[in-house]
Structure formats: C-alpha cells, structure tokens
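Residue numbers (the numbering used here): 10 to 219.
Inspection log for the structure reproduced underneath, given as structure tokens.
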C-alpha cells in the first residue's frame, strides 16, 4: 500500500515537472518568435540634435500616437519653451537695436524678461510641478509677437532667428496655450524643446517583420 502511494506521488511530481518544463519551453519559443520580429534601433546624437523630436515623430506616425495623459506631461515643457523663446526674442530685439512700434511693448518686453528669467512660480498638477503660465503672460507675449518690429527682425536677422531656435508655432498659439485647461496637441509636442537625460527605451509597434 505504501509502495503504491509512493509511486502515485512520484508520478504526480513527474507530471508537475513535465508541465513546468513544457511551460518554459513554450515561453522560450514565444520569446524567440518575438525577438525574430523585433528590430532594435539605437538613436544617438549630440545635444539639441533633435533626437527626441525624431522619436516623437516615429511614435505619432507609426505608433498609436500619444494618450491624453502623455500629452499632458508635456505641458510644463511647452510652458518653459514659450517663456525661453520669448526671452530670447526680446534679447534679440535688443541686440538688433530695433524699437517696438507699439508704445506699450517696451514695458511688455521688460515684463517678459523679468518673469522668464525665473525663478518661476509653480503649481502642483497631475503631471507634477509646472511653471504657472497665466493668461496675462500669454496676452503679453501675444501683443509683443504682433508688433510690426518683430517682422522686421525676422527679415533682417534670419540667421540669428534660426540659431536661437525661435518657434513661431508657439508664439502664434500662445493665447490657446495660456488658456485654463490647456492640453497640448501632438503638433505642440513635436515642437517642444526637450532633450531627455540618460538612456530611455521606447517600444513601438510598426507592423510585422518577416
């Protein structure tokens, strides 16, 4: 009787080991098939070589795009991009020695320099601490951007304009971006200046590899 029980117990253990072995073999086969269809791309480049922009383009065009939560994560980056760009715009105007056509825009330029130089007021949002970008500041940048002297600056200092990476997209949409409840669009995200630090890994499904 004891021998029979021992034999049954041994057979159960053997079946359990075989079942576990079969599961491992199946997982190995599954991983092997996945790796055959997987292509690893290492994206390298110097600072500000638009590596992050290329990756965002690939995700938007060939992947599933960006979710609302992912878009919201770029809100702080876009606020900072606009404030930095507005500051560089004012400094370029000073360097060029151009005067604003609007009487109030000189004061607006000083206001932009004072605020964009930081430290910024911040608030806690769903995506963490972000700079406050008030509608009042958006209106200030909007008025400055529409000063006729800015067009003169673009025409006479195009090389400096490109070098400073000034993005008209954000200046033109600054009132939209400064509105309460603003959610970045994919177009906003593509133009946001953000270089990740360190190594990041992103998985994207782009059809199948034979």
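Ideal Cβ positions, reconstructed from N, Cα and C, are used throughout, including at glycine.
Remember, it's a predicted structure, so these values are computed and weren't measured experimentally.
In this chain, the alpha helix (DSSP H) harbouring residue 144 covers 144–154.
In this structure, the beta-carbon distance from residue 111 to residue 142 does not fall below 8 Å. Shown here, residue 193 sits in coil according to DSSP, grouped into three states, outside any helix or strand. Considered as a whole, the region 82–110 harbours 84–105 as its complete alpha helix (DSSP H) runs of no fewer than 4 residues, in chain order. In the structure shown, the three-state DSSP call for residue 187 is helix. Cβ atoms of residue 126 and residue 179 stay farther apart than 8 Å, at about 18 Å. By the Cβ-count criterion, residue 197 is buried, with 16 or more other Cβ atoms from all chains shown falling within 10 Å of its own Cβ. For residue 115, the three-state secondary structure derived from DSSP is helix. By the Cβ-count criterion, residue 184 is exposed, with fewer than 16 other Cβ atoms from all chains shown falling within 10 Å of its own Cβ. In this structure residue 87 is buried. Its beta-carbon is surrounded by 16 or more other beta-carbon atoms within 10 angstroms. With fewer than 16 other Cβ atoms from the protein chains shown falling within 10 Å of its own Cβ, residue 113 counts as exposed. Distance between residue 116 and residue 75, taken at the CA atoms: about 39 Å. Annotation: the continuous alpha helix (DSSP H) that includes residue 164 extends over 157–165.
For residue 175, the three-state secondary structure derived from DSSP is coil.
Only residues of its own chain outside the window of five on either side were considered, and among them 197 have a CB closer than 8 Å to the CB of residue 182, listed in chain order. Counting only residues of its own chain and dropping the five nearest sequence neighbours on each side, residue 99 has a CB closer than 6 Å to the CB of 118, 121 and 122. In this structure, the straight-line span from the alpha carbon of residue 36 to that of residue 84 is close to 41 Å.
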